[in-house]
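And the structure:
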């Protein structure tokens, strides 16, 4: 998993029907966890908002244990990080 | 997922038979979401066209929920992004 | 998927028995689709040869729909690209 | 798998319920095994602690054989490395 | 798959019980196949030794067809490369 900050959201009216109901957030990984320019889009599972530091699961993990087994998603916010400031 | 712009298409007459019927588009990821020179080829699920900003699912997610479980694809366009301009 | 040129082949006498019968080709991704120095080895599904421009599926997709479900492969040539020159 | 040093831990009170009970550690890959700035977060399976050199499985492997098949995790510490010093 | 040279081995006494019996080798990818500093650890399936040039399967492929379906491994040596010198 990686840790990043929620920096934006994505609006998509026309999309795969299995994706309806998801909130798509843009994550900027912590500097220590990124190559340059490597923001990603993740679906939200925990009620995250802009500016929060979150834990993101990548790949098939994003569909496991989240009730999203039939959704074409490859990144999911799976936790809010309490000690984000000290991890910067 | 990543967001990118559709910049071209791929023509392939001789291909795996499970791929017949797919439209293959070339995606240039948004600058904030790419390493340098990292275009990819994705199959289209939503009727995207050249110049549109799209949401792309990568890895096994590209086969899930899209009726492509038996196709050798690793990237799929799963949404058209409405607010692409502000995400540039 | 990515697009690349077949630039060589790999000979392996001693290998996993499930790999017997495969042709292993070395793919150099198109400049627009690669980080520097990122050639890969892919098994051939479509009868590709040296110098041809091909479509390559990565990850678990390489085993799907190709009759290779029980083979330890992570990259497969799944199409010959007709318009490779214009994509360079 | 990669080898890295445990350099920190992540606290997350609000998280996916399937993740409850996990210890989340931050791994800094060995210099020979990383691109720049590529720390990751892994769940601990072997009782690792800060400063230890560990073996980390990535992707779906992190859920296999660890009793975590239903957890959204993509990286797991699966061994303590005895000869870490000579591998630096 | 990628091709690399076996440059070392990993000793791990305390590890996931499903990993017992594996030999862990460090692979340095061929220059044409690597980003800088991107060695990985792979389990050996073919009896490879230090200095040999090998074919390595990555991701879920490392568990397929190798009798390792229940092991947390993400990279496996699946062949010895005969023409490694000419591929350098």
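Protein chains in written order, with the numbering used here: chain B, 50 to 137; chain U, 50 to 137; chain D, 50 to 137; chain A, 50 to 137; chain H, 50 to 137. All C-beta atoms, glycine included, are put in the ideal place defined by N, C-alpha and C.
| query | result |
| --- | --- |
| If residue 132/H and residue 60/D are in contact, beta carbons under 8 Å, what's the gap, nearest whole angstrom? | 5 Å |
| Please name the residue or residues paired with residue 89/H in a DSSP beta bridge. | 76/H |
| Pair every Cβ in the stretch 60 to 75 of chain A with every Cβ in the stretch 62 to 70 of chain D, then say whether three or more of these pairs are closer than 8 Å. | no |
| From this set, 88/D, 109/D, 127/D and 104/D, which residue's C-alpha is nearest residue 119/D's C-alpha? | 109/D |
| Can you pull the DSSP bridge partners for residue 125/D? | 92/D and 106/D |
| Got a sec: is the Cβ-Cβ distance from residue 121/U to anything in chain D below 8 Å? | yes |
| At which residues does the beta strand (DSSP E) containing residue 133/A begin and terminate? | Run containing residue 133/A: none in the beta strand (DSSP E); it sits in the alpha helix (DSSP H), 133 to 136. |
| Taking a Cβ distance cut-off of 7 Å, strictly less, list which residues of the stretch 95 to 123 of chain B are near chain A, in chain order. | 95, 104, 106, 107, 108, 109, 110, 111, 113, 114 and 115 |
| Let me see if you follow: with CB-CB separation under 8 Å, is residue 89/H close to chain A or not? | yes |
| Going straight from the alpha carbon of residue 77/B to that of residue 137/U, what length do you get? | 14 Å |
| Taking just the CA atoms, how far does residue 80/A sit from residue 98/D? | 38 Å |
| Can you find the residues in the same chain that come closer than 7 Å, C-beta to C-beta, to residue 91/A, ignoring five residues on each side of it along the sequence? | 74, 76, 105, 124, 125 and 126 |
| Could you tell me whether any Cβ in chain U is nearer than 8 Å to the Cβ of residue 128/D? | yes |
| Taking only three categories from DSSP, how would you classify residue 81/A? | helix |
| Select from the stretch 65 to 82 of chain A all residues with a C-beta closer than 9 Å to any C-beta belonging to chain B, and list them in chain order. | 65, 66, 67, 68, 73, 75 and 77 |
| Report the neighbours of residue 57/U on chain D: residues whose CB is nearer than 7 Å to its CB, in chain order. | 136 |
| For residue 115/D, which residues in the same chain have their Cβ closer than 6 Å to its Cβ, ignoring the five residues on either side in sequence? | 94 and 125 |
| In chain D, what lies closer than 7 Å to residue 131/H by C-beta? | 60, 61 and 62 |
| If you draw a straight line from the C-alpha of residue 87/D to the C-alpha of residue 102/D, how long is it? | 16 Å |
| In whole angstroms, give me the CA-to-CA distance for residue 134/A and residue 56/B. | 39 Å |
| Quick one: give me the first and last residue of the beta strand (DSSP E) that residue 113/H is part of. | It is not in any beta strand (DSSP E) - residue 113/H carries neither H nor E in the DSSP assignment. |
| CA-CA distance, residue 50/B and residue 111/D? | 24 Å |
| Going by Cα to Cα distance, which pick from 52/A, 70/A, 54/A and 58/A is closest to residue 121/A? | 70/A |
| Leaving out five residues on either side along the sequence, give the residues of the same chain with a beta carbon under 8 Å from the beta carbon of residue 82/D. | 51, 52 and 53 |
| If you draw a straight line from the alpha carbon of residue 44/H to that of residue 130/H, how long is it in whole angstroms? | Any property of residue 44/H remains undetermined from this structure, which presents chain H solely from 50 to 137. |
| Where does residue 100/U land, buried or exposed, given buried means 16+ other C-beta within 10 angstroms? | exposed |
| Leaving out five residues on either side along the sequence, give the residues of the same chain with a beta carbon under 8 Å from the beta carbon of residue 128/B. | 95, 103 and 104 |
| If you draw a straight line from the C-alpha of residue 117/B to the C-alpha of residue 113/U, how long is it? | 10 Å |
| To the nearest angstrom, how far is it from the Cα of residue 72/H to the Cα of residue 89/H? | 14 Å |
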